[in-house]
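Q:
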Amino acid sequence: MPERRRDLDMMRALVVLGLIFFHTARIFDHGDFYVKNDPPSMLISIIVIFVSMWGMPLLFMISGIGVWYSLRSRSPGAFVRERFLRLLVPLVFGTLVIVPPQQYYSFLFKQPDLHVNYGEMLSEFIKVKPVFDFPYFLTSAPPLELFQLAHLWFLNLLFFFTLLLLPIFLYLRTSGGERICHQMATLFSRPWTIFLLGLPLGLVEAGLKSEMTGSWNRYGYLIFLFYGFFLVSDGHISQTIQKHWKSAIVLGLISFVLLSAGFNALLTENGTDPMTSYDWGSILLRILKGLTGWFWIVGILGFVGQKQKKNKNTRIQTPELPTKQKFLDRVVPYFSEAVLPFYVLHQTVIVVIGFYVLQWRMTSFFDFWTISLASLVATLVLYDVGVKRLNVTRFLFGMRKKH
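Using this note's numbering, the letters of the sequence shown map in sequence onto residues 1070 to 1472.
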C-alpha cells in the first residue's frame, strides 16, 4: 500500500474546516443564501469572492491527486466501487436527509407568515422530474420547485467527473501514458509556462459562463480534477509549482485587483452580470478569472509543497520529532477521516444556528463569530457522536467500515 500523503490530508481538512467560515460569511454577503443578515457587508462580499477563486478548485485538485494515489493500489472495478460508496451513497442520503432542513429554515426565515410544517415542506422537496444536464439528472418539479443538492453539488460533480475521466486516468498510468505525462511535464517545466495551464480554465469560463456551482462553470472543475491527477504523475510538475509559488501569489494579487475593478466597471456600464454576458469585455474578464484562479492554486500548492519538503528534511536530520509534529501526527488522521461527513453536515448546521442567532439582533461581528464557532463545534460533535461510532452511519456518510 502506498504511503498516505499527510500534507494532502492536512490541506483537505483545512479547506473543509474553512468552509464553516466561508458559508457563515454567505449569510453576510450580497448574494442569496438560506438565511441573510441585513444589511449585507461589502467587505465580506469581497472576501467571499476571493475565496471562491481558489477554495473549491483546490478541493477538486486535491481530489485529482487522491485519484492518482488510489489507482496505485486498486483495480478499476475496485476503484469504481470505492467511489460509489464514498461519494454516491452520502450524496443520496445527504440530499434526502441533510439538505431539506436548509430549505425549511429558509422558509421560516424569509416567509415567517407562511405557516408550513416540516412534513409538508419535505413532501414538496422530493417532487422531482428527470433532466439531462450532465452531471445532473434530476431537477425540482412544480409548483414550489424546492428540490436541490445545496452544497452536495460537489459530491455529484466529483463522482460523475471522476468516472468520465477514468479511461484517461487509466491510460495515463500505462507506459505510453507515462511518456506523455513526462513530455507534458517537461514542456511546462520551462520558465513561466506553468501559468499557461490557466488558459483552458479561462476559455471554459469565457465560452460557457460562470455558474452557481462555487461561482465557476462546472466544466472548469473537470479541468481542476484532471490537473490534480497530472500534478503528481511526474515529479517535474511539482518541482515547477514549488519554484514559482511566490510569483504566482504576486500575479494572483494583481489579477484579482484587476478582475474586481473590471467587474465593477462592466457592471456599472452595462448593467448586466459580466460573469454571464457575452460582450467582449465580459469574455476577456472571464478569461482573466480563469488565470487568476490558477495563479492562486499554483501559489497555495507550491507553498504547501515547500513546507512539506522542509518538514521532511527536518525529520531526516532530527531523530526526535518536535512537539508540534507529534501533535499533527495525532490530529491529522482524525480530521482526515472526518472530512467527508463534516462536509455533508456543516452547511445545514450553519443555517440552523444562523436562523436563531440572527434573531438576537446583535452586531454583525458578534453574529459571524458566534455562528462560525458554534457551527464548528456542533458539526464536530455531530460527527464524533452521531456518525463515526456506528458502521451504519459510517456507511451513509461515505466512511469505511470500522473493525
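Every residue, glycine too, gets a C-beta built ideally from N, C-alpha and C.
(1) Hey, is residue 1442's beta-carbon within less than 9 Å of any beta-carbon in chain D?
(2) State buried or exposed for residue 1070, treating a residue as buried only when at least 16 other CB atoms are found within 10 Å of its CB.
(3) Looking only at its own chain, which residues have a Cβ that is under 6 Å from the Cβ of residue 1229, when we skip the five neighbours before and after it?
(4) Write down every uninterrupted run of the beta strand (DSSP E) in the region 1175-1257 whose length is 3 residues or greater and which is fully enclosed by it, in chain order.
(5) Taking the straight line between their C-alpha atoms, what separation do you get for residue 1212 and residue 1083?
(6) Have a look at residue 1187 and residue 1173 and give me their C-alpha separation to the nearest angstrom.
(7) Residue 1411: buried (16+ other C-beta within 10 angstroms of its C-beta) or exposed?
(8) If we call anything under 9 Å between Cβ atoms a contact, is residue 1369 one with residue 1127?
(9) What does the Cβ neighbour count give for residue 1142, buried or exposed, with the cut at 16 atoms within 10 Å?
(10) Secondary structure at residue 1431, three-state DSSP: helix, strand or coil?
(11) Taking the alpha-carbon of residue 1418 as reference, which of 1299, 1113, 1096, 1468 has the nearest alpha-carbon?
(12) Helix, strand or coil, according to DSSP, for residue 1303 in the structure here?
(13) Smallest Cα separation from residue 1135: which of 1235, 1086, 1180, 1181?
(14) Would you kindly report the start and end of the unbroken alpha helix (DSSP H) that includes residue 1274?
(15) Of the choices 1421, 1457, 1237, 1130, whose alpha-carbon is the least far from that of residue 1078?
(16) What does the alpha-carbon distance come out to for the pair residue 1468 and residue 1304?
(17) Below 8 Å on the Cβ atoms is my guess for residue 1264 versus residue 1309; work out the distance and round it to an integer in Å.
A: In short:
(1) Going by chain labels, chain D is absent from the structure shown, which holds only one protein chain.
(2) Any reading at residue 1070 is ruled out, since the residue's pLDDT is 41, under 50, leaving its predicted position unreliable.
(3) For residue 1229, same chain residues with a beta-carbon under 6 Å away, outside a window of 5 residues either side, are 1204 in chain order.
(4) Given a length threshold of 3 residues, each whole run of the beta strand (DSSP E) inside the region 1175-1257 is given here in chain order: 1197-1202, 1205-1209.
(5) Each residue's CA atom was taken as its position, placing residue 1212 and residue 1083 some 40 Å apart.
(6) Each residue's Cα considered, the two are about 7 Å apart.
(7) Taking all protein chains shown into account, residue 1411 has 16 or more neighbouring C-beta atoms within 10 Å of its C-beta and is therefore buried.
(8) Here residue 1369 is near residue 1127, since their CB atoms are less than 9 Å apart.
(9) Counting Cβ neighbours within 10 Å, residue 1142 comes out exposed, since fewer than 16 surround it.
(10) Three-state DSSP puts residue 1431 in coil, outside helix and strand.
(11) The residue with the shortest Cα to Cα distance from residue 1418 is 1096.
(12) The three-state secondary structure of residue 1303, taken from DSSP, is coil.
(13) When only C-alpha atoms are compared, the closest one is 1235.
(14) Residues 1267-1277.
(15) Between residue 1078 and the set 1421, 1457, 1237, 1130, the nearest pair of CA atoms involves 1130.
(16) Distance between the alpha carbons of residue 1468 and residue 1304: 31 Å.
(17) Taking the Cβ atoms as the reference, residue 1264 lies roughly 10 Å from residue 1309, outside the contact range of under 8 Å.
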